[in-house]
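Q: Dropping the structure in here first, questions after.
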Amino acid sequence: MKDIFLIAIKAILTNKVRTFLTTLGIIIGVSSVVLLTSIGTGLSNYVTKEFNNLGANTLLVFPGDIFGDNGGISQERTASALANSKLKMTDVGTLERMREDVSEVAPFNLQSDTISFQQASKTVTVLGTTHNLDTAFNIPVERGGFFDEKAEKDGAQVVVLGYEVATKLFGKVDPIGKTVKLGLQTYTVIGVAKKKGSGFGGPSFDTYVYIPLKAFFKKYDTSSIVRIIVKTKTTERVAEHTKNIEQELQKRLKKDEFSVVNQSEILDTINQILGIITAALGGIAGISLLVGGIGIMNIMLVSVTERTREIGLRKALGATPNLIMFQFLIEAAVLSVIGGGIGLTIAFLGTLALQSFIPAEVTPSAVGLALGVSTVVGLIFGAAPARRAANLSPIEALRYE
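First residue of the sequence shown: 2, per the working numbering; consecutive thereafter.
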């Protein structure tokens, strides 16, 4: 066994450039598969963490029937329902009166607009909401504070900036107390939210700005609600609370005019989408492994031809066909493992670089799968050349020129 491995390593190192080009397909395949899998895993873990931060007792009331035929949340139905929302402030009041089931209610609506300060401007998502959104939806404020109940009732023209918005408009200048323009209207900055990142199904929370809901209704001439966040009294009785909320809302709304969703349903839908995307991208990247395997087979066939006399000599000295076949299989496997190792290193470095921009995480299962698959590819595509070498006649091999 030791001699076989040494012969395999020597044969591989004899043609370094050819060895590198042979393993290039494996390198690209392994690095792509691991990198894409790490992105999918990182995003899935990030989404799960964000939902867990909200608490298991958080419910979302959507307008319309957003559930598809398979029971999951339908993106098409959600988009259509948001555009034709029947939710009103009367429904918010209904939920607030359910003291035995509900501890906190925070409705909101969304609108795209432009915010400006002096010469700087930025397109943002304006979120009109109530004073308790910062606690109901885990939006902590880094500087200043969120608007209070009085500002909400008065429809005061005050604004809390998302982290990215504050950085874009003010740089290192403290924005608290400064006046900005939201569209054509003037608002006073009273707070800056902490850096939060992407929102679920929408833009980054850091590009949001938050204003009192009454001010939002007046500015954009609307009275509809696109979503209501509800904190239930207990975590253990979420299913019971959900049923009670649905029954109460059905006193004004039809059954298909609203949906009450708990975070586990949303999380399952998002993870299902991420899983499909990751699998599809991983499958596409896996084609490189197939190409790499074909490259290994071609080079091993060339190697068998080049070393025909060596094979004949070894057979003449007593080497069995199985031993010859095993030798070439080992060479093919070593080529794949080398390519897999290099590809894995590239994937690790790529993941570290991506972590500055998006969540990415290399898992042990992805590492094991990539190395295992690359080794199997080497063995499978090395089998034909190895069998050809094993079947060579020693007399014909020794006479080969």
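Yeah, the Cβ is synthetic: ideal placement off N, Cα and C, and Gly gets one too.
Only a predicted model underlies this, so the values are computations on that prediction, with no experimental measurement involved.
Can you list, in chain order, the residues of its chain with a C-beta nearer than 6 Å to that of Ser117? Leave out the 5 residues immediately preceding and following it.
A: Locating residue 117 in the sequence shown gives position 116, counting from the first residue. Result list for Ser117: Lys182, in chain order.
Q: Kindly identify the DSSP beta-bridge partner or partners of Arg144.
A: Within the sequence shown, the letter at position 143 stands for residue 144. Answer by DSSP bridge pairing, in chain order: Val193.
Q: With DSSP collapsed to three states, give me the class of Phe6.
A: Taking the sequence shown and counting its residues from 1, one reaches residue 6 at position 5. Phe6 falls in the helix class under three-state DSSP.
Q: Measure the beta-carbon distance from Leu353 to Ala371 and round it to whole angstroms, keeping in mind my assumption that it falls under 8 Å.
A: By one-based count along the sequence shown, residue 353 stands at place 352. By one-based count along the sequence shown, residue 371 stands at place 370. Contact doesn't hold; Cβ gap of about 17 Å is too wide.
Q: When DSSP labels each residue in this structure, what does Lys1 get in the three-state scheme?
A: The displayed coordinates of the chain run from 2 to 402. Any statement about residue 1 would go beyond what the structure contains.
Q: Taking 8 Å as the cut-off, does the stretch 241-254 touch the stretch 156-166 (at least 3 CB pairs, one atom from each stretch)?
A: Touching, no.
Q: Would Ile212 and Met90 be called neighbours here (beta carbons separated by less than 8 Å)?
A: Position 211 of the sequence shown holds residue 212. Position 89 of the sequence shown holds residue 90. Their beta carbons are not under 8 Å apart, which means Ile212 does not touch Met90 by this criterion.
Q: Going by DSSP, what residue range makes up the alpha helix (DSSP H) through Lys244?
A: The residue given as residue 244 occupies position 243 in the sequence shown. Its alpha helix (DSSP H) spans residues Val239 to Leu250.
Q: Using the C-alpha atoms, what's the distance from Ile40 back to Glu311?
A: Position 310 of the sequence shown, counted from the first residue, corresponds to residue 311. Position 39 of the sequence shown, counted from the first residue, corresponds to residue 40. Answer to the nearest angstrom: the Cα atoms are 47 Å apart.
Q: Of the residues Leu96, Leu61, Phe358 and Asn110, which one's Cα is nearest the Cα of Ile230?
A: If you number the sequence shown from 1, residue 230 lands on position 229. Of the candidates Leu96, Leu61, Phe358 and Asn110, the one whose C-alpha sits nearest the C-alpha of Ile230 is Leu61.
Q: Looking at C-beta atoms only, is the number of pairs between the stretch 29-48 and the stretch 295-311 that lie closer than 8 Å three or more?
A: They do not touch, by the three-pair rule.
Q: Is the Cβ-Cβ distance between Leu290 and Ser375 less than 8 Å?
A: For the purposes of this step, residue 290 is taken as the residue at position 289 of the sequence shown. For the purposes of this step, residue 375 is taken as the residue at position 374 of the sequence shown. Their beta carbons are under 8 Å apart, which means Leu290 touches Ser375 by this criterion.
Q: In whole angstroms, what separates the C-alpha of Asp92 from that of Lys255?
A: Working through the sequence shown from its first residue, we reach residue 92 at position 91. Working through the sequence shown from its first residue, we reach residue 255 at position 254. Asp92 and Lys255: Cα-Cα distance of roughly 12 Å.
Q: Quick check: what's the CA-CA separation for Gln348 versus Leu14?
A: As a working note, residue 348 is residue 347 in the sequence shown. As a working note, residue 14 is residue 13 in the sequence shown. According to the sequence displayed, residue 348 carries Ala and not Gln. Taking the straight line joining both Cα atoms gives about 24 Å.
Q: On the DSSP bridge list, what partners appear for Asp114?
A: Residue mapping note: residue 114 aligns to position 113 of the sequence shown, counting from 1. Answer is Val125.
Q: What number of angstroms, rounded off, separates the C-alpha of Thr321 from the C-alpha of Asn272?
A: Reading the sequence shown from its first residue, position 320 is the one you call residue 321. Reading the sequence shown from its first residue, position 271 is the one you call residue 272. Going by the C-alpha atoms only, they are around 53 Å apart.
Q: Hey, how far is the Cα of Gln264 from the Cα of Leu185?
A: Residue 264 sits at position 263 when you count from the first residue of the sequence shown. Residue 185 sits at position 184 when you count from the first residue of the sequence shown. One C-alpha to the other measures close to 37 Å.
Q: Tell me which residues share the same chain as Leu44 and place their Cβ nearer than 6 Å to its Cβ, disregarding the 5 neighbours each side in the sequence.
A: For the purposes of this step, residue 44 is taken as residue 43 along the sequence shown, with counting starting at 1. If we look at Leu44 and ignore the five residues flanking it on each side, its Cβ neighbours are Leu275 and Pro360.
Q: Could you name the residues that DSSP lists as bridge partners for Ala107?
A: For this step, residue 107 is matched to residue 106 along the sequence shown. Ile230, per the DSSP bridge assignment.
Q: Considering only DSSP beta bridges, list what Tyr209 is partnered with.
A: Mapped onto the sequence shown, residue 209 falls at position 208. Note: Tyr209 sits in a beta bridge opposite Thr126.
Q: Is it true that the CB of Ala137 sits closer than 8 Å to the CB of Ala216?
A: If you number the sequence shown from 1, residue 216 lands on position 215. If you number the sequence shown from 1, residue 137 lands on position 136. For Ala216 and Ala137, no; Cβs fall outside 8 Å.
Q: Per DSSP, what kind of secondary structure is Phe68 in: helix, strand or coil?
A: On the sequence shown, residue 68 is found 67 positions in, with the first residue counted as 1. Three-state DSSP puts Phe68 in a strand.
Q: Name the two residues that bound the continuous beta strand (DSSP E) containing Phe259.
A: In the sequence shown, the residue the question calls residue 259 occupies position 258. Where Phe259 is concerned, the enclosing beta strand (DSSP E) stretches over Phe259 to Asn263.
Q: Thinking C-beta only, is Thr59 closer than 8 Å to Lys232?
A: The residue labelled residue 232 in the question sits at position 231 within the sequence shown. The residue labelled residue 59 in the question sits at position 58 within the sequence shown. Result yes, Cβ atoms of Lys232 and Thr59 sit closer than 8 Å.
Q: If we count the other Cβ atoms within 10 Å of its Cβ and call it buried at 16 or more, is Phe21 buried or exposed?
A: On the sequence shown, residue 21 is found 20 positions in, with the first residue counted as 1. Flag for Phe21 reads exposed.
Q: What's the C-alpha gap between Thr42 and Val303?
A: On the sequence shown, position 41 is the one that residue 42 refers to. On the sequence shown, position 302 is the one that residue 303 refers to. One C-alpha to the other measures close to 40 Å.
Q: Between which two residues does the beta strand (DSSP E) containing Thr376 stretch?
A: For the purposes of this step, residue 376 is identified with residue 375 of the sequence shown, where counting begins at 1. Here Thr376 belongs to no beta strand (DSSP E); instead the alpha helix (DSSP H) covers Pro365 to Ala391.
Q: Enumerate in chain order the residues of its own chain whose CB-to-CB distance from Gly202 is below 6 Å, with the five nearest sequence positions on each side excluded.
A: The count along the sequence shown starts at 1 and reaches residue 202 at position 201. Per-residue confidence for Gly202 stands at a pLDDT of 45, beneath the threshold of 50, marking its modelled position as unreliable; no derived number is given.
Q: Within this structure, are the beta carbons of Glu143 and Lys195 separated by less than 8 Å?
A: Translated into positions along the sequence shown, residue 143 becomes position 142. Translated into positions along the sequence shown, residue 195 becomes position 194. Against a cut-off of 8 Å, the Cβ pair of Lys195 and Glu143 comes out as a contact.
Q: Determine the DSSP secondary structure at Lys179, reduced to helix, strand or coil.
A: To locate residue 179, count along the sequence shown from 1; it is residue 178. Three-state result, Lys179: coil.
Q: Looking at C-alpha atoms only, which residue of Glu237, Glu307 and Thr180 is the closest neighbour of Ala12?
A: Here residue 12 is taken as the residue at index 11 of the sequence shown, counted from 1. Closest option to Ala12, Cα to Cα, is Glu307.
Q: So Ile403 packs on Ala391, CB below 8 Å; how close in whole Å?
A: The question about residue 403 has no answer here: the residues shown for the chain are numbered 2 through 402.
Q: I need the boundaries of the beta strand (DSSP E) containing Leu162, first residue and last residue.
A: In the sequence shown, residue 162 corresponds to position 161, counting from 1. Val159 to Leu162 is the span of the beta strand (DSSP E), which, as asked, contains Leu162.
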